[in-house]
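Q: Here the protein sequences come in this chain order: F and L. Here the first sequence stands for residues 1200 to 1641, where the numbers follow our numbering. Here the second sequence stands for residues 2 to 103, where the numbers follow our numbering. Think of the CB as a built atom: it goes at the ideal place given N, C-alpha and C, for glycine as much as any other residue. One structure is given below, represented as structure tokens, and several questions about it will come after.
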Amino acid sequence: MQQQPGVQPPMPQPPAQQPPSAPGAQPQPPAPAEQIQDAIDEATSGDRIIDTDRGKSHGLDKCPRCGSSDVHYRIESRALVCDYCRNEWNEDNAEKAFHLDTPIQELRGDHIASGAQDVQAGDSMVTIKCQGCGAEIVVKSDETLQARCHWCRQVLSINHQIPNGAVPDAVLPFTLTREQAVEQIKTFVDSRRTFANRTFVKEFVPDNVKGVYMPYMVVDGNLHTDLRGTGEITTRTYTVQRRVGKDQTVSERYWDASVHELGRSFDVLVNDLTAGSSRQYDRTDSSAATNYILDAVQPYDTREALVFNPNYLSRFTSERRDLDIDDLDERVEDKFLTIAREKARPTIAQYDRGVRWEREGVAIRGTRWITMYVPVWLYSYYQQTSKGSYVHYIAVNGRTGKTMGSVPVSHPRIFSLACAGGAVATAAAAVVGWGVFLTQGF
Amino acid sequence: MDTILAAQVLLADGGSSEGGLFALALPFVVGPAVFGAIYGGIYRYYRNKDKRFGFERETDIQVGNLQAFDRRVGDKNRQRSATMSGANQDDPLQRVGRLEVR
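Below, the structure written as structure tokens:
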């Protein structure tokens, strides 16, 4: 495989020094082809680290034009803006900068971006020496990646990756403004007011929406999959008249079918599959909050992600990644299998009675993992219940505006309408049933 | 109302004493069914628990090098349903037995 810039292959070992051949010694036979192939496979299958660190030291991250450290991301401009000289700029596209656009079919082994390495437990306090005045400022990196020097008022940033999951490889900045998000949330709730919990209706203030960067793992996969199952094809349909009384018959429809064993085996190239990597917002755990909402506002245009710069987080909040690749790889493998099953569907159209997949498997030839912050406008509502509080989210995709949410319901109101509907249906069914009964009798 | 119409058709087909008894039981079936459908439908519309990102359709995916085999192994006659039992081709999220692939 061609070496890619930015990718650190395993350290090449120098060839073993051959002792000079003794006169008369027998020449060694060449290594068999299998051994050579094994050596190539071994060399290409290990984990590789893609270096995505910006290489800057912690401290001032200045405007390239005037040198100010007061920089923030302005959604209307879709760019970082210097608060002093109004200079606007963006970081490079992450896919191009880190050469993540190399063909997926060439992936062998696991390629892991440096920001996606395992989170290490430890002190999250980072001490930054201010380059402006020399003061030492402590930043609690679990909560923020920037702090203002309390002596010279310059903004200090955590500029290179630290192993606590707070610094991703890439960031997808907001393009949807706060006002647009508020309008989306308002529209979403307005269509759900009638049967909403009355306390929620009183307390709903869409302006409380917050811009949050959520951590995701973005995975490319080079796979080979194999599916086995049984399918049936209709060969004949017919109707049989069955006698049920002295002079009455019923029609019964039957199907004859041929039964087939089938298998499908194919290569799959997956580009930018996403997996949430925050334990608190884990999609599979909705015991304390409606986490599934955050999953439902995808997809994100991950190809547009930029090289991470902490100034993109200025004036927003961010959630630290606390799930590692080991925590997610089974889930991602399940997603690969789901993709395989979905992609097999067009190949089984002839089985009109259906296919029962019984065995499935995937061989993962290569993967590429990077971490990314994606933008979400999030409205949270804490509903007080008898068991404590439960959090309902209404989320808006910060790129596309796709909106999804959970509105707490008023059970008495739904119950009333359902009772009314049930009563009307019961009455209608009684009329119909009685009519049929009179017609047919015992 | 679809349920009622379907019941009418069934009862008309049956034409037996069983049909007459079923006709009397119809309100007790249809009423709770409509109650459940209204309750469940509104709850789902508000809470959206069934919503998820359809990654298997919306992710950028390429497939190739397809190898397939289809082998007829038998027949099933006089089946009462138009679909085979246990069909799961439309439920890709359901996991089945694992196969080792190399």
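Quick one: what's got a C-beta closer than 6 angstroms to residue 1364 of chain F's C-beta in the same chain, skipping five residues either side?
A: In the first sequence, counting from the first residue as 1, residue 1364 of chain F sits at position 165. The residues are 1318, 1519, 1520, 1521.
Q: Among F:1294, F:1280, F:1464, F:1534, which residue has its Cα nearest to the Cα of residue 54 of chain L?
A: Locating residue 54 of chain L in the second sequence gives position 53, where the first residue counts as 1. For the residues F:1294, F:1280, F:1464, F:1534, the minimum Cα distance to residue 54 of chain L belongs to F:1534.
Q: Would you mind reading off the limits of the beta strand (DSSP E) that contains residue 1569 of chain F?
A: As a working note, residue 1569 of chain F is residue 370 in the first sequence. Unbroken beta strand (DSSP E) run through residue 1569 of chain F: 1554-1584.
Q: Excluding the 5 residues preceding and the 5 following residue 51 of chain L in the sequence, name in chain order all residues of the same chain whose CB lies nearer than 8 angstroms to its CB.
A: Here the question's residue 51 of chain L lines up with position 50 in the second sequence. Around residue 51 of chain L: 45.
Q: Say whether chain L places a C-beta atom closer than 8 angstroms to the C-beta of residue 1631 of chain F.
A: The residue given as residue 1631 of chain F occupies position 432 in the first sequence. Yes, contact with chain L.
Q: Which residues in chain A sit within 9 angstroms of residue 1470 of chain F, going by Cβ to Cβ distance?
A: In the displayed structure, chain A is absent; the protein chains listed are F and L.
Q: Which residues in chain L sit within 8 angstroms of residue 1255 of chain F, going by Cβ to Cβ distance?
A: Here residue 1255 of chain F refers to the residue found at position 56 when the first sequence is read from its first residue. None at all; the shortest Cβ gap to chain L is about 32 angstroms.
Q: Would residue 1397 of chain F pass as a contact of residue 1588 of chain F if the rule is Cβ separation under 8 angstroms?
A: Position 198 of the first sequence, counting from 1, holds the residue named residue 1397 of chain F. Position 389 of the first sequence, counting from 1, holds the residue named residue 1588 of chain F. No; because the gap between Cβ atoms is not below 8 angstroms, this pair is not in contact.
Q: Chain L partners of residue 1577 of chain F, CB-CB under 7 angstroms?
A: Residue 1577 of chain F sits at position 378 when you count from the first residue of the first sequence. Correct list: empty, because the minimum Cβ distance to chain L is about 15 angstroms.
Q: CA-CA distance, residue 1489 of chain F and residue 1591 of chain F?
A: Taking the first sequence and counting its residues from 1, the one referred to as residue 1489 of chain F is at position 290. Taking the first sequence and counting its residues from 1, the one referred to as residue 1591 of chain F is at position 392. Answer to the nearest angstrom: the Cα atoms are 5 angstroms apart.
Q: Would you mind working out which of F:1604, F:1566, F:1638, F:1524 sits nearest residue 1314 of chain F, comparing C-alpha positions?
A: Residue numbering aside, residue 1314 of chain F sits at position 115 when the first sequence is read from its first letter. Residue F:1524 is the option with its Cα nearest to residue 1314 of chain F.
Q: Say whether chain L places a C-beta atom closer than 8 angstroms to the C-beta of residue 1454 of chain F.
A: Numbered from 1 along the first sequence, position 255 holds the residue referred to as residue 1454 of chain F. Closer than 8 angstroms to some Cβ of chain L, the Cβ of residue 1454 of chain F qualifies, so yes.
Q: Take the Cβ of residue 1605 of chain F as the centre, count every other Cβ of all protein chains shown within 10 Å, and call the residue buried at 16 or more, exposed below.
A: Mapped onto the first sequence, residue 1605 of chain F falls at position 406. Label assigned to residue 1605 of chain F: buried.
Q: Count the other CB atoms within 10 Å of the CB of residue 1227 of chain F; is the residue buried (16 or more) or exposed (fewer)?
A: Within the first sequence, residue 1227 of chain F is the residue found at index 28, counting from 1. For residue 1227 of chain F, the predicted model reports a pLDDT of 43, less than 50, meaning its position is unreliable and no value from the coordinates is stated.
Q: On a Cα-Cα basis, can you pick out the residue from F:1279, F:1529, F:1266 that is closest to residue 1374 of chain F?
A: Within the first sequence, numbered from 1, the residue matching residue 1374 of chain F stands at position 175. Closest option to residue 1374 of chain F, Cα to Cα, is F:1279.
Q: Measuring CA to CA, which of F:1549, F:1630, F:1512 is closest to residue 1342 of chain F?
A: Position 143 of the first sequence, counted from the start, is the residue given in the question as residue 1342 of chain F. It is F:1512.
Q: Could you give the uninterrupted runs of the beta strand (DSSP E) lying entirely in the region 1264-1332 of chain F, keeping only those of 3 residues or more?
A: Taking only runs of at least 3 residues, the beta strand (DSSP E) segments lying wholly in the region 1264-1332 of chain F are 1270-1273, 1278-1281, 1308-1312, 1324-1328.
Q: Please identify the residue among F:1467, F:1298, F:1573, F:1574 whose C-alpha is closest to the C-alpha of residue 1532 of chain F.
A: Taking the first residue of the first sequence as 1, we reach residue 1532 of chain F at position 333. Among F:1467, F:1298, F:1573, F:1574, the Cα nearest to that of residue 1532 of chain F belongs to F:1467.
Q: Between residue 1503 of chain F and residue 1370 of chain F, what straight-line distance do the alpha-carbon atoms span, to the nearest angstrom?
A: To locate residue 1503 of chain F, count along the first sequence from 1; it is residue 304. To locate residue 1370 of chain F, count along the first sequence from 1; it is residue 171. About 9 angstroms.
Q: With a CB to CB cut of under 6 angstroms and the five nearest residues on each side skipped, what residues in its chain are close to residue 1350 of chain F?
A: Translated into the one-based positions of the first sequence, residue 1350 of chain F becomes position 151. Only 1332, 1334 meet the Cβ criterion.
Q: Are the beta-carbon atoms belonging to residue 1413 of chain F and residue 1480 of chain F less than 8 angstroms from one another?
A: Residue numbering aside, residue 1413 of chain F sits at position 214 when the first sequence is read from its first letter. Residue numbering aside, residue 1480 of chain F sits at position 281 when the first sequence is read from its first letter. For residue 1413 of chain F and residue 1480 of chain F, yes; Cβs fall inside 8 angstroms.
Q: For residue 1380 of chain F, tell me which candidate among F:1574, F:1552, F:1446 has the shortest Cα-Cα distance.
A: What you label residue 1380 of chain F is simply residue 181 of the first sequence in a count that begins at 1. It is F:1574 whose Cα lies nearest to the Cα of residue 1380 of chain F.
Q: Taking DSSP as the reference, what is the three-state secondary structure of residue 94 of chain L?
A: Counting from 1 along the second sequence, the entry for residue 94 of chain L is found at position 93. Of the three classes helix, strand and coil, the one that applies to residue 94 of chain L here is coil, per DSSP.
Q: State the Cα-Cα distance for the pair residue 1291 of chain F and residue 1506 of chain F, rounded to the nearest angstrom.
A: As a working mapping, residue 1291 of chain F is identified with position 92 in the first sequence. As a working mapping, residue 1506 of chain F is identified with position 307 in the first sequence. If you take the alpha carbons of residue 1291 of chain F and residue 1506 of chain F, they lie about 6 angstroms apart.
Q: So, under 8 angstroms CB-CB, residue 1557 of chain F and residue 97 of chain L are touching, yes? Tell me the CB distance rounded to an integer number of Å.
A: On the first sequence, residue 1557 of chain F is found 358 positions in, with the first residue counted as 1. On the second sequence, residue 97 of chain L is found 96 positions in, with the first residue counted as 1. With a Cβ gap of about 6 angstroms, residue 1557 of chain F and residue 97 of chain L count as contacting.
Q: Since residue 1591 of chain F sits in a beta bridge, which residues does DSSP pair it with?
A: Against the first sequence, residue 1591 of chain F aligns to sequence position 392. Answer is F:1580, bridged to residue 1591 of chain F.
Q: Taking 6 angstroms as the limit between beta carbons, can you name the residues of its chain near residue 1496 of chain F, skipping five residues before and five after?
A: Here residue 1496 of chain F refers to the residue found at position 297 when the first sequence is read from its first residue. Closer than 6 angstroms at Cβ, skipping near neighbours: 1594, 1596, 1601, 1603.
Q: If you run the structure through DSSP and keep just helix, strand and coil, what is residue 1615 of chain F?
A: Working through the first sequence from its first residue, we reach residue 1615 of chain F at position 416. Correct three-state label for residue 1615 of chain F: helix.
Q: Output yes or no for whether 8 angstroms exceeds the beta carbon distance between residue 1560 of chain F and residue 1307 of chain F.
A: In the first sequence, the residue the question calls residue 1560 of chain F occupies position 361. In the first sequence, the residue the question calls residue 1307 of chain F occupies position 108. The answer is no: Cβ separation not under 8 angstroms.
Q: Please report the distance separating the alpha-carbon of residue 1404 of chain F from that of residue 1499 of chain F.
A: Stepping through the first sequence from its first residue, residue 1404 of chain F is reached at position 205. Stepping through the first sequence from its first residue, residue 1499 of chain F is reached at position 300. Going from the Cα of residue 1404 of chain F to the Cα of residue 1499 of chain F covers about 27 angstroms.
Q: I'd like the list of long-range same chain contacts for residue 1348 of chain F, defined as Cβ closer than 7 angstroms, with 5 residues on each side in sequence excluded.
A: Position 149 of the first sequence, counted from the start, is the residue given in the question as residue 1348 of chain F. So the qualifying residues of the chain are 1329, 1331, 1332, 1334, 1336, 1355.
Q: What are the partner residues of residue 1461 of chain F, as DSSP defines its beta bridges?
A: To locate residue 1461 of chain F, count along the first sequence from 1; it is residue 262. Per DSSP, F:1428, L:71.
Q: Residues of the region 72-90 of chain L with a CB closer than 9 angstroms to any CB of chain F: list them in chain order, please.
A: Those would be 72, 73, 74, 75, 76, 77, 78, 79, 80, 81, 82, 83, 84, 85, 86, 87, 88, 89, 90, in chain order.
Q: Which residues share a DSSP beta bridge with residue 1414 of chain F?
A: In the first sequence, the residue the question calls residue 1414 of chain F occupies position 215. Residue 1414 of chain F pairs with F:1572.
Q: Note down, in chain order, every chain L residue with its Cβ under 7 angstroms from the Cβ of residue 1460 of chain F.
A: Numbered from its first residue, the first sequence carries residue 1460 of chain F at position 261. Those are 72, 74, listed as they occur along chain L.
Q: What are the boundary residues of the alpha helix (DSSP H) that includes residue 1386 of chain F?
A: Along the first sequence, one-based indexing puts residue 1386 of chain F at 187. Residue 1386 of chain F -> alpha helix (DSSP H) spans 1377-1389.
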